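Just below is one structure, and these are the notes that go with it.
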Amino acid sequence: MNYHTATELAQIGNHSDKQTGAVSAPIYLSTTFSHPELGHSTGYDYTRTKNPTRTILEEALAKLEGGSHGIVTSSGMSAIQLVFNYFPAKSEFLVSRDLYGGSYRYFQELERQSAAVFHYFDDFDSLKSQLTEKIDAVFLETPTNPLMQEVSIADTAKLAQQKQSLLIVDNTFSTPLRQQPLKAGADIVVHSGTKFLSGHNDILAGVVVAKDSDIGEKLAWLSNTTGPTLSSFDSWLFIRSLKTLKVRFEQQERNAQEIAEALGQFPQVEKVLYPGIGGMISFLVTDASKITHFLTQLQLITFAESLGGVETLITYPTTQTHADIPQELRESYGLTDNLLRLSIGIEDSQDLLTDLTQAFNVFDD
Ligand SMILES: Cc1ncc(COP(=O)(O)O)c(C=O)c1O
């Protein structure tokens, strides 16, 4: 039976333990599982390969993204690494110009090792002109981190299919609640599970979901081979958090819509970058030299680098999340020193606005 998303989420793990009826899925800490006899297995042999707590999470995530296989890993970066491991050496990739700085750093490293070749696109036209038969896969964020640029997954998927390239989408910002890339034609979805999906700033996790079983099985095989697996305790925390994803995300989005609109009214704000959905807002201030003081003035909003959690965070991409992108390159595509990024939490939006308003006073000093 297929229920609505809120129901599916709230029920993750319930009815999984027939023997005791535990409503909260048990945490199987065992790393190894006994075999009834030679040549027979319970389905679980060794935790790197498969663990009952992790299986509940992986199946729930596969269902949420509409894929055949879900794999959870120890961080978003290990999820991305697992996916790039799928491709043979020297493969060529076409990727978003604006993207998480850690992904850029990893792609640079692959190029330095001559393990892969990367081409970057700024918009759909440049994607279209560079997407030739030699591209093995397109990797994109939409909206991008932190400039919130959007690209159509469905249009990109059509082009990629024509050129027999795979399409990989980092769905961290929108979550499957707002965008299901596999249903729009993508082949693989990745997430930093550290962000909205787990949502409490207390676990580091990554997610890979594949549409086709062949790709999913190969990725599961690679995950067992290289071992970036998430522990069973963190898998349980992830399950616990996923149950409230919809209520958290909707509150974050409502708050973000209100705050994005209000930010546009501040004379200290030059431009607001908000795609209308989700909990992430970037904005450009009129005077970058005031940022240091502005950040120390905030009382409620926390200056820290991450996103998607219940607590509102503010990040300065220039020195934090995107510090590994050379300044000249960053500035060439609009990631300038006067940009700040907000990850809106579930607090009362009035309190968040009051905090921003008092901190903006430093621009008058
Ligand atoms: C869009 C995006 N993808 C991937 C990652 C990497 O995830 P993690 O920090 O869990 O390794 C991040 C981290 O900020 C991110 O913002």
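Residues 1389 to 1753, numbered by the working numbering, are exactly what the sequence shown covers, in order.
By construction, the Cβ of each residue, glycine as well, lies at the ideal position given by its N, Cα and C atoms.
This one's a predicted model, so the numbers in the text were calculated from it and none came from an experiment.
Below 8 Å, too few C-beta pairs join the segment 1507 to 1521 and the segment 1556 to 1565 to call them touching: fewer than three. With a beta-carbon spacing of about 6 Å, residue 1468 and residue 1578 fall inside the 8 Å limit used to define contacts. The beta carbon of residue 1691 sits no closer than 7 Å to any heavy atom of ligand 1. The three-state reading of DSSP puts residue 1529 in strand, counting E and B together.
Pairing residue 1723 with residue 1564 gives a Cβ-Cβ distance that is not under 8 Å. The beta carbon of residue 1551 sits closer than 8 Å to those of 1519, 1520, 1521 and 1523, all from its chain and outside the five residues before and after it, given in chain order.
Taking residue 1485 as the centre and dropping the five residues before and after it, the same chain places the C-beta of 1508, 1509, 1510 and 1721 closer than 7 Å to its C-beta, in chain order. Here residue 1558 is bridged, per DSSP, to 1529 and 1578.
DSSP links residue 1457 through a beta bridge to 1598.
Around the beta-carbon of residue 1516, fewer than 16 other beta-carbon atoms lie within 10 Å, marking it exposed. Apart from the 5 residues on each side of it in sequence, residue 1656 sits with its Cβ closer than 6 Å to the Cβ of 1673, 1674, 1748 and 1751 in its chain, given in chain order. The three-state reading of DSSP puts residue 1626 in helix, counting H, G and I together.
Put simply, of 1458, 1454 and 1437 the residue whose alpha carbon is nearest the alpha carbon of residue 1447 is 1458.
In the three-state scheme derived from DSSP, where H, G and I count as helix and E and B as strand, residue 1724 is classed as coil. Residue 1684 and residue 1746 have their alpha carbons spaced roughly 12 Å apart. In this structure, residue 1699 has its CB at a distance of at least 7 Å from all heavy atoms of ligand 1.
Per DSSP, residue 1507 is one residue of the beta strand (DSSP E) stretching across 1504 to 1509. Runs of the beta strand (DSSP E) spanning 3 or more residues and lying entirely within the segment 1618 to 1682 occur at 1657 to 1661 and 1668 to 1673, in chain order. In this structure, residue 1435 sits away from residue 1611, with a CB-CB distance that is not shorter than 8 Å. The alpha-carbon separation between residue 1669 and residue 1738 amounts to approximately 16 Å. Residue 1540: not part of any alpha helix (DSSP H); DSSP gives it neither H nor E. Taking 8 Å as the cut-off, the Cβ atoms of residue 1730 and residue 1702 count as close.
Look at the beta carbons and you see the segment 1425 to 1442 not touching the segment 1462 to 1482: under three pairs across the two are nearer than 8 Å. DSSP places residue 1429 in no beta strand (DSSP E); its state is neither H nor E. For the segment 1447 to 1497, the continuous alpha helix (DSSP H) assignments of 4+ residues that do not extend past its boundaries occur at 1464 to 1473, in sequence order.
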